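*Asks:* Numbering (this note's numbering), first residue to last: 317 to 599.
For glycine and all other residues, C-beta sits at the position ideal for the given N, C-alpha and C.
If you're wondering where the values come from, they're calculated on a predicted model, not measured in any experiment.
What follows is a single structure, and I will ask about it in a moment.
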């Protein structure tokens, strides 16, 4: 990518990827000429008319080039663009302005990349990684993937059944059944819990014995998931407190709804960061 930018003496290079028409409305769509220069750019076109004439490439199943939101700028060109134009949004302001006065190229990337700009896509892409043969390999020796060091202990799992699950560091899971899920760092999952297709973001901290005693006095669940819960098709954000015998499954099939301690977006139940879900709640 960087070498391509240098070789083409580009002022701006945009990483692009072929996308189907169904995904075009959520991305910046651009048209390339025969030399891969960007000659037209539409930010998140919503109609067939806006997409008309933007076809690029030779794949009929993915006829459009979508911006990956990754750019390389020549420093002087970026400074000039920012000084000349008031807008600072790359897709809406900077890239369209650059096309009028600069050498703007598209670099086609054909490796793994997904846009996770919606709740559903974020959820689906995370769960894709729990498959036995995931679309992206985190364990490639030649291209290893690291998170930042946190120096947490290994996860503690007692009497649990796990099937196609990714688990972060420092978790404590007791006699739960978890399928097709992502369990984030410091997650606490108590006994008799069933989880299926869940993205659990984890926690920023562990509670002390004093914290738990105060929780008990105030009738507040501990951070994590308490005994007897059934959770399906959900995202549990960080530091959420889910009480005993809670059911989260969206059996009503609601697409979008906002409740006191939850949000349903695109059919996915989201428990927000720091939310408290009392014992016996059904969502």
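Is there contact between the stretch 407 to 414 and the stretch 364 to 371, where contact requires at least three CB pairs shorter than 8 Å?
*Replies:* No, the stretch 407 to 414 does not touch the stretch 364 to 371.
*Asks:* With a threshold of 6 Å on Cβ separation, who are the neighbours of residue 356 within its own chain once the five nearest residues in sequence on each side are excluded?
*Replies:* The answer, listed in chain order, is 347.
*Asks:* Keeping to the same chain, check which residues put their C-beta closer than 7 Å to that of residue 572; ignore five residues upstream and five downstream.
*Replies:* For residue 572, where only same-chain residues beyond five positions count, the Cβ hits under 7 Å are 580, 581.
*Asks:* If you run the structure through DSSP and keep just helix, strand and coil, what is residue 510?
*Replies:* In this structure, residue 510 counts as strand in the three-state DSSP scheme.
*Asks:* Which value, in whole angstroms, describes the spacing of the CA atoms of residue 425 and residue 402?
*Replies:* Distance between the alpha carbons of residue 425 and residue 402 is about 30 Å.
*Asks:* Looking only at DSSP bridge pairs, what is residue 348 linked to?
*Replies:* DSSP, once it has assigned bridges, lists 354 as partnering residue 348.
*Asks:* Would you give the residue range spanned by the beta strand (DSSP E) that residue 472 belongs to?
*Replies:* Its beta strand (DSSP E) spans residues 472 to 474.
*Asks:* Can you tell me whether residue 465 is buried or exposed? The criterion is at least 16 other CB atoms within 10 Å of its CB, across all chains shown.
*Replies:* It counts as exposed.
*Asks:* Does residue 450 come out as helix, strand or coil in the three-state DSSP assignment?
*Replies:* Note: residue 450 maps to coil in three-state DSSP.
*Asks:* Rounded C-beta distance between residue 518 and residue 500? I'm assuming under 8 Å.
*Replies:* Right, their Cβ atoms sit about 3 Å apart.
*Asks:* Spatial neighbours of residue 598 within its chain, please: CB distance less than 7 Å, with the 5 preceding and 5 following residues excluded, ordered by chain position.
*Replies:* Here the set comprises 563.
*Asks:* Report back the beta-carbon spacing between residue 565 and residue 549 to the nearest angstrom; my notes put them in contact at under 8 Å.
*Replies:* So it is a contact: roughly 7 Å between Cβ atoms.
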